[in-house]
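Below you'll find the structure, written out as structure tokens, and then a few comments.
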Amino acid sequence: MTLLEFARGPAMSWALIILVAGLTWRLAGLLLLLRRRDLSRPRNTHTWWGGFRTIFTRFWPHREFLRPTAFHLAMGYVLHIGLFVVVFLFVPHILYFKGLLGISWPGLPNKVVLLAGALTLGALVAFLVRRLTHPVMRTISGWDDYFSWLVVTLPVVTGLMAFSHLGARYETLLAWHLLSVELMLIWLPFGKLAHAVLFIPSRAQLGAWFQRRGVRA
Amino acid sequence: MSVNMENFQRFAEAVKQLGSEAPACKLTDEECLAAVKETFARRLTPAMAVQLESCVHCGQCAEACHYYVETGDPKYTPIRKLDLLKRFYRREMSPLRWLHRLYTRDITLDDLSQWQELVFDSCTECARCSMVCPMGINIAEMVLVNRQALAAAHLIPPELRTMAQEQADNASLFGVGSEQFTQMVKQLEAQGLEVHLDREQADILLLTSVVDILLFNDVLAASVKLLNLLEKSWTFSSEGFEAANFGFLSGVESVQKAATERVIRAARACGAKVVIVPECGHAYPSLRWEAANLEGEPLPFEVLAISEFLGRELKVGNLKLKKIGRQKKVSFHDPCKVSRHSGADRDPRELLRALDVDFREPESGGIMNWCCGGGAGVFLINRAADLRQAAFRRKMKQFDATGADSVVLSCGSCRLNFMVGAQRANWDKGIESLVELVAANVVEKSPPADRGSAIQTNGDPS
Chain A
3 MTLLEFARGP AMSWALIILV AGLTWRLAGL LLLLRRRDLS RPRNTHTWWG GFRTIFTRFW
63 PHREFLRPTA FHLAMGYVLH IGLFVVVFLF VPHILYFKGL LGISWPGLPN KVVLLAGALT
123 LGALVAFLVR RLTHPVMRTI SGWDDYFSWL VVTLPVVTGL MAFSHLGARY ETLLAWHLLS
183 VELMLIWLPF GKLAHAVLFI PSRAQLGAWF QRRGVRA
Chain B
760 MSVNMENFQR FAEAVKQLGS EAPACKLTDE ECLAAVKETF ARRLTPAMAV QLESCVHCGQ
820 CAEACHYYVE TGDPKYTPIR KLDLLKRFYR REMSPLRWLH RLYTRDITLD DLSQWQELVF
880 DSCTECARCS MVCPMGINIA EMVLVNRQAL AAAHLIPPEL RTMAQEQADN ASLFGVGSEQ
940 FTQMVKQLEA QGLEVHLDRE QADILLLTSV VDILLFNDVL AASVKLLNLL EKSWTFSSEG
1000 FEAANFGFLS GVESVQKAAT ERVIRAARAC GAKVVIVPEC GHAYPSLRWE AANLEGEPLP
1060 FEVLAISEFL GRELKVGNLK LKKIGRQKKV SFHDPCKVSR HSGADRDPRE LLRALDVDFR
1120 EPESGGIMNW CCGGGAGVFL INRAADLRQA AFRRKMKQFD ATGADSVVLS CGSCRLNFMV
1180 GAQRANWDKG IESLVELVAA NVVEKSPPAD RGSAIQTNGD PS
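Chains as they are written, first to last, in this note's numbering: chain A, 3 to 219; chain B, 760 to 1221.
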């Protein structure tokens, strides 16, 4: 079995199994914790609406915080949109998903995806530099922050290398790329990358809490 | 609307002495750690667990914190204040604890002493950080859990320990117990006010706070005057008059429960349908949101902040106010616990508009307000004086920018903190109470024909 066959076959299968099992374990563990009923008299009773709304409103900061959070906001959007474009709108990826899921959708021209990849990498580097240099970021950062950064950056770098045929044989580059994606999938449930899912219940909890108190957060 | 400055200085001196009277900690190191962990385990809710799991360490909460913004010291980053709780959660409760234990340090005694400054001196639980967090983490609520854990280990600032102990032992604060309160009632009566004390039946139980009794007597008199003018059936209770809850402030759960129960007993005794919390920021959430959960059942009465109560009376036409005129330029400082924590930020504004003053809404007003820097008991912690003053700089900038001549407040602790801060900085803005302003400008005779009732006897008026 070649490295590429391994990356395409058992490595991907196990990565997906660990991704699903890990996320299920983490979410089930959280959902199974006992919830207590709040007995205070609510100002608003439609707490579900506050929770639902906050899932979306926190995609953009209150105007109050626009300026002080501008860096994170800008880089955050570049990173997340960039990743979305690269992962889901690159034609070879769409073909891969078609093989896996049986469905496909239109992609973007390679040049656009390449630009998105470069911008994504730029945002990742900017985040790392800020984490290493800003006093607040240095104070609150742990190894999960750096490791999670690495496992997101590796697929982007290897993807760009494979796309550009830079550094090694194409098959080798592709194997590296797949293995780095698998590493990310395996790590996702266990570290901070799980915010990809956890942002929903977390925001909803706060939104419901404030809604109950009559505060539009 | 003057404050007796002699009393003010005497009060400030009493605060300076507070720490020296603190009871000593009798727990061993192991018992301290065990008490902290037991409290974390008991108080950590599923909502908190989800939020602790979601943090991406983006650091944006720092930009919302007055202590960080004014000092630039990264140790004040709000999410960092939850580090102990997060470490405990990861090691002991997380679904991934088997993994987290490999790389997450256990809590040590050294950590506990360091964190005392972070969750007491440099956090007022103002919850401004919760407004910016992209993951929706309720940091302030979890800081309270940290306070409770440190309180269980007797590791709280000596001033708060003294206050909580006094409230536990004597049901008094700064020496003001039932007897001293009754004396105050007599003083109010000597001013010609009709004061109802310990009535057997009343629709409203009016609370007060030690700060109003010792310093801001005029606020107390104004509240009495307004309730009388509105012809409400109301009473004070000599057994349950104190709204301030140092159990809630310091995290001592037993004291919080006992102080809450005194008020609930007093309200039940007179059959009150409404309990009015005076101008006291933390007292409001303590009774409005915490009490029912402490009791284990819904409260048999409604809880209103006095600004909220007056706002309602204004809305239904019971409260008529004179127009002061636009020559009076005022701004308003929202108490975090009443506005941001509790959604009661509109009533004070309605009252000021009804007074027809030149109301200058500050930038970052309402639920986005900056804390005065002294909330959640910080105004009593002597070693935090410089940090508090640093945070107060933000308030001065905020109100200087409005061009208002005075700042109206609806919280005695905020007012005290403003007075101390203004004195230290020679800040010349007027500082006045909303209730006093309303009482001084109320129309004393209103036609009886069109009176409604803002207090409903059945159901939830909200």
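A virtual CB, placed ideally from N, CA and C, is assigned to each residue, including glycine.
Outcome for residue i when other beta-carbon atoms lying within 10 angstroms are tallied against a minimum of 16
{"i": "B:Ala1160", "result": "exposed"}
{"i": "B:Ala897", "result": "The residue you asked about is not Ala; residue 897 of chain B is Asn in the sequence shown. B:Asn897 comes out buried."}
{"i": "B:Gln1215", "result": "Caution is warranted here: a pLDDT of 47 is assigned to B:Gln1215, below 50, making its placement in the model unreliable, and no coordinate value can be reported."}
{"i": "B:Ala949", "result": "exposed"}
{"i": "B:Asn1217", "result": "Note that B:Asn1217 scores 39 on pLDDT, short of 50, meaning its location in the model is unreliable; the coordinates nonetheless yield the value given after this. Flag for B:Asn1217 reads exposed."}
{"i": "B:Lys785", "result": "exposed"}
{"i": "B:Pro1121", "result": "buried"}
{"i": "A:Met3", "result": "exposed"}
{"i": "B:Asp1219", "result": "Reliability fails at B:Asp1219, whose pLDDT of 40 lies under 50, so the model's placement of it is uncertain and the value that follows must be treated cautiously. Exposed."}
{"i": "A:Tyr172", "result": "exposed"}
{"i": "B:Gln942", "result": "exposed"}
{"i": "B:Val1011", "result": "buried"}
{"i": "A:Trp135", "result": "A small fix is needed here, since residue 135 of chain A is Thr in this sequence, not Trp. The residue is exposed, with fewer than 16 neighbouring Cβ atoms inside 10 Å."}
{"i": "A:Phe61", "result": "exposed"}
{"i": "B:His1041", "result": "buried"}
{"i": "A:Trp16", "result": "exposed"}
{"i": "B:Glu990", "result": "exposed"}
{"i": "B:Arg769", "result": "exposed"}
{"i": "A:Leu33", "result": "exposed"}
Proximal chain A residues relative to residue i, where beta-carbon distance stays under 8 Å
{"i": "B:His1100", "result": "Arg215 and Val217"}
{"i": "B:Ile896", "result": "Ser204 and Leu208"}
{"i": "B:Leu956", "result": "Neighbours of B:Leu956 on chain A: none; closest Cβ ~27 Å, over 8 Å."}
{"i": "B:Glu822", "result": "Phe67, Pro70 and Thr71"}
{"i": "B:Ser1123", "result": "Glu66"}
{"i": "B:Gln1015", "result": "Result: empty, since nearest Cβ-Cβ is about 14 Å, beyond 8 Å."}
Neighbour list for residue i in chain A, Cβ cutoff strictly below 9 Å
{"i": "B:His816", "result": "Arg133, Met139, Ile142, Ser143, Gly144, Asp146, Asp147 and Lys194"}
{"i": "B:Leu932", "result": "In chain order: nothing, as chain A lies at least about 24 Å away."}
{"i": "B:Leu858", "result": "Phe192"}
Contact list for residue i against chain B, beta-carbon separation under 7 Å
{"i": "A:Gly124", "result": "Here the premise fails: no neighbours, minimum Cβ distance about 18 Å."}
{"i": "A:Phe201", "result": "Ser813 and Met894"}
{"i": "A:His197", "result": "Ser813, Val815 and Met894"}
Among the options, nearest to residue i - alpha-carbon criterion
{"i": "A:Thr59", "options": "A:Trp211, A:Ala206, A:Arg215 and A:Arg214", "result": "A:Ala206"}
{"i": "A:Ser106", "options": "A:Gly216, A:Leu91 and A:Trp62", "result": "A:Leu91"}
{"i": "A:Leu175", "options": "A:Leu18, A:Val89, A:Trp145 and A:Gly161", "result": "A:Gly161"}
{"i": "B:Ala823", "options": "B:Arg1174, B:Val878, B:Ser889 and B:Phe1060", "result": "B:Ser889"}
{"i": "A:Leu75", "options": "B:Ser1045, B:Cys817, B:Arg839 and B:Lys1154", "result": "B:Cys817"}
{"i": "B:Asn763", "options": "B:Val1201, B:Met1178, B:Ala1184 and B:Arg1183", "result": "B:Met1178"}
{"i": "A:Trp151", "options": "A:His95, A:Lys100, A:Ile202 and A:Ala196", "result": "A:Ala196"}
{"i": "B:Arg887", "options": "B:Asp1093, B:Gly1162 and B:Arg1119", "result": "B:Asp1093"}
{"i": "B:Ala1282", "options": "B:Glu1109, B:Lys945 and B:Phe1007", "result": "Examination of residue 1282 of chain B is not possible in this model, given that chain B is present from 760 through 1221 alone."}
Cross-chain neighbours of residue i in chain B, by beta carbon under 8 Å
{"i": "A:His48", "result": "What A:His48 touches in chain B: nothing, since even the nearest Cβ is about 12 Å away."}
{"i": "A:Trp211", "result": "Ala806, Asn897 and Glu900"}
{"i": "A:Thr56", "result": "Gly895"}
{"i": "A:Arg60", "result": "Cys892, Pro893, Met894 and Gly895"}
Residue i at chain E interface by Cβ criterion, 7 Å
{"i": "B:Met1127", "result": "Absence of chain E from the displayed structure is noted, the protein chains being A and B."}
Within chain A, the residues that residue i reaches when beta carbons sit closer than 7 Å
{"i": "B:Val878", "result": "Ordered by position in chain A, no residue passes the 7 Å Cβ test against B:Val878, which lies about 16 Å from the chain."}
{"i": "B:Val891", "result": "Pro63, Phe67 and Thr71"}
{"i": "B:Leu855", "result": "Arg28 and Phe192"}
Residues that residue i contacts on chain B, provided the C-beta gap is smaller than 9 Å
{"i": "A:Ser182", "result": "Those within 9 Å of A:Ser182 in chain B number zero; the least Cβ separation is about 21 Å."}
{"i": "A:Leu185", "result": "Neighbours of A:Leu185 on chain B: none; closest Cβ ~16 Å, over 9 Å."}
Heavy atom of the ligand SAM within 6 Å of residue i beta-carbon
{"i": "B:Arg1152", "result": "For the structure depicted, the ligand SAM is absent and the ligand set is empty, with no information on it obtainable."}
Could you list the residues in the region 64 to 86 of chain A with a C-beta less than 7 Å from some C-beta on chain B, going in chain order?
-> His64, Glu66, Phe67, Pro70, Thr71 and His74
Chain-ordered residues of the region 7 to 37 of chain A with a beta carbon less than 9 Å from chain B | Gly24, Trp27, Arg28, Leu29, Ala30, Gly31, Leu32, Leu33, Leu34, Leu35, Leu36 and Arg37
Entirely enclosed alpha helix (DSSP H) segments - the region 1058 to 1086 of chain B, minimum 4 residues = 1065 to 1074
Of all the residues that make up the region 798 to 814 of chain B, which are near chain A by a beta-carbon distance shorter than 8 Å?
-> Thr804, Pro805, Ala806, Ala808, Val809, Gln810, Glu812, Ser813 and Cys814
Which residues, in chain order, does the region 1143 to 1177 of chain B contribute to contact with chain A at a C-beta distance below 8 Å?
-> none
Residues of the region 1031 to 1059 of chain B with Cβ closer than 8 Å to any Cβ of chain A, in chain order | Arg1047, Trp1048, Glu1049, Ala1050, Ala1051, Asn1052, Glu1054, Gly1055, Glu1056, Pro1057 and Leu1058
Counting only runs that start and end within the region 1138 to 1177 of chain B, where is the alpha helix (DSSP H) found for 4 or more residues in a row?
-> 1144 to 1159
For the region 826 to 842 of chain B, which residues have a beta carbon sitting closer than 7 Å to at least one beta carbon of chain A?
-> Pro833, Lys834, Thr836, Ile838 and Arg839
Segments assigned alpha helix (DSSP H), at least 4 residues, entirely inside the region 92 to 155 of chain A | 93 to 103, 112 to 135 and 137 to 142
Listed in chain order, which residues of the region 1062 to 1079 of chain B have Cβ atoms closer than 9 Å to some Cβ of chain A?
-> Val1062
Could you please tell me which residues of the region 860 to 871 of chain B, in chain order, have their CB closer than 8 Å to any CB of chain A?
-> Tyr862
Starting from the N-terminal side, write out each stretch of the beta strand (DSSP E) that is 3 residues or longer and does not extend beyond the region 924 to 978 of chain B.
-> 963 to 965
For the region 1007 to 1054 of chain B, list the alpha helix (DSSP H) runs that are entirely contained and at least 4 residues long, ordered along the chain.
-> 1012 to 1029 and 1050 to 1054
According to a CB-to-CB cut-off of less than 8 Å, which residues of the region 903 to 921 of chain B neighbour chain A?
-> none
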